[in-house]
Amino acid sequence: MADLYITKCKGTAPKSIDWIELVWRVHLEPFFGGFRASRINTEKILQYRAERLEAGAGPGTVNRELTVFRAMFYHGFEDYTPPKGCRVPKFPEKLQEPAPRKGFLVDAQYDALQANCPYPWLRALVTIAYNFGFRKSELLGLRVDQIDLQGRTICLWTGETKSGQGRKVVMTPEVFDLVSPLVKGKQAQDFLFTWPNGDQVLDFRVSWSKMCKAAKVSVLLHDFRRSAVRNMTRAGVSRDVAKKISGHQTDSIFSRYNITDENDLADAAAMIQARREISRKTVADAGNADKESVSS
Numbered sequence: 275m276a277d278l279y280i281t282k283c284k285g286t287a288p289k290s291i292d293w294i295e296l297v298w299r300v301h302l303e304p305f306f307g308g309f310r311a312s313r314i315n316t317e318k319i320l321q322y323r324a325e326r327l328e329a330g331a332g333p334g335t336v337n338r339e340l341t342v343f344r345a346m347f348y349h350g351f352e353d354y355t356p357p358k359g360c361r362v363p364k365f366p367e368k369l370q371e372p373a374p375r376k377g378f379l380v381d382a383q384y385d386a387l388q389a390n391c392p393y394p395w396l397r398a399l400v401t402i403a404y405n406f407g408f409r410k411s412e413l414l415g416l417r418v419d420q421i422d423l424q425g426r427t428i429c430l431w432t433g434e435t436k437s438g439q440g441r442k443v444v445m446t447p448e449v450f451d452l453v454s455p456l457v458k459g460k461q462a463q464d465f466l467f468t469w470p471n472g473d474q475v476l477d478f479r480v481s482w483s484k485m486c487k488a489a490k491v492s493v494l495l496h497d498f499r500r501s502a503v504r505n506m507t508r509a510g511v512s513r514d515v516a517k518k519i520s521g522h523q524t525d526s527i528f529s530r531y532n533i534t535d536e537n538d539l540a541d542a543a544a545m546i547q548a549r550r551e552i553s554r555k556t557v558a559d560a561g562n563a564d565k566e567s568v569s570s
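Start counting the sequence shown at 275; every next residue gets the next number (this note's numbering).
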């Protein structure tokens, strides 16, 4: 049943298949693999959940693993005649997950990180992330042929993003200046972000940690995605255009990333006060004009 579902996903969910196969091979199969599908019940699913939590897996991770397991059952039961599984077991309610992280950067923190980047490629990566909100996989997968220096654009190809939809952004002058040197001397299919020896950058946790420590800024790469959304909306970029740049598909997720902080609230208070003062001045000016008219 699992094999059939994985085969289906290879055709319908190519961006997720590696993760689905990993979840099955590493977690689900070792626990459930010895059972007939008809013997899986709520009690066994709860036992799996308890063992995964005890092993240190987060509630969100366990929820997503069991979502895959449930999908395997529904695929086997609904898509085949006769069904590959005699029934779909009752799955427990999802575990409550912690509130999404709300971290983001301000310009001063971004500048401090830039000043402490140990590599030119990391400076460029940080800049693209802060301006456009690209995902980590989108950044690390960039190749030279996706960079158009003449047109000053960066393209994410259709089928290679999380949503499967392609995107194009126009580079800011800062992004252009940092990306241009990374392209020189490389072939079209070479990766944009490479170590000094030419190897593709895949794991840069050590460099990231050193940069953050030197800059005295505690931040995750995904915080740049939230920051980009926030900065675009504050700069007056329309919601539709900002969503196209960042790759968000729904308004709900975009809004969750469009975080408000105390500075925003202070700005709002200032604007409210300014409106009141303008209103009062308008009334006062009208009153003075009436008095002058009577006097004349």
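Every residue gets a Cβ at the ideal spot worked out from N, C-alpha and C, and that includes glycine.
Query                                                                                                                                                                            : Result
So, under 8 Å CB-CB, Met445 and Met346 are touching, yes? Tell me the CB distance rounded to an integer number of Å.                                                             : Between Met346 and Met445 the Cβ distance is about 43 Å, and since that is not below 8 Å, they are no contact.
Classify Val362 as helix, strand or coil using the three-state DSSP reduction.                                                                                                   : coil
Excluding five sequence neighbours on each side, which residues of the same chain lie with their C-beta closer than 7 Å to the C-beta of His349?                                 : Leu278, Tyr279 and Lys282
Considering only their Cβ atoms, is the gap separating Gly415 from Ala502 smaller than 7 Å?                                                                                      : no
Can you tell me which of Asp422, Glu339, Ala488 and Lys490 puts its alpha carbon nearest to the alpha carbon of Ala462?                                                          : Asp422
Could you name each continuous beta strand (DSSP E) segment of 3 residues or more that falls completely within the region 421-467, going from the start of the chain to the end? : 427-430 and 441-444
Determine, using beta carbons only, whether Lys368 and Asn337 come nearer to each other than 7 Å.                                                                                : yes
Going straight from the alpha carbon of Val342 to that of Ile294, what length do you get?                                                                                        : 7 Å
Mapping the DSSP letters down to three states, classify Arg310 as helix, strand or coil.                                                                                         : coil
Hey, how far is the Cα of Glu339 from the Cα of Val297?                                                                                                                          : 6 Å
Locate the alpha helix (DSSP H) running through Glu367, then write down its first and last residues.                                                                             : Neither: Glu367 is in no alpha helix (DSSP H) and is coded neither H nor E.
With H, G and I counted as helix, E and B as strand and the rest as coil, what does DSSP make of Arg417?                                                                         : strand
Just mark Arg361 as buried or exposed, buried being the case when its beta carbon has 16 or more other beta carbons within 10 Å.                                                 : exposed
Do you know whose CA, among Arg310, Glu317, Pro366 and Val380, lies nearest Arg508's CA?                                                                                         : Val380
Which term fits Val557, buried or exposed, when burial requires 16 or more other beta carbons within 10 angstroms of its beta carbon?                                            : exposed
I'd like to check one pair, Phe498 with Trp395: are the Cβ atoms closer than 7 Å?                                                                                                : no
Residues bridged to Gln474 by DSSP?                                                                                                                                              : Thr468
Can you list, in chain order, the residues of its chain with a C-beta nearer than 8 Å to that of Asn319? Leave out the 5 residues immediately preceding and following it.        : According to the sequence as given, residue 319 is Ile; it is not Asn. If we look at Ile319 and ignore the five residues flanking it on each side, its Cβ neighbours are Leu340, Phe343, Pro363, Phe365 and Pro366.
Measuring straight from C-alpha to C-alpha, what distance separates Ala311 and Gln321?                                                                                           : 16 Å
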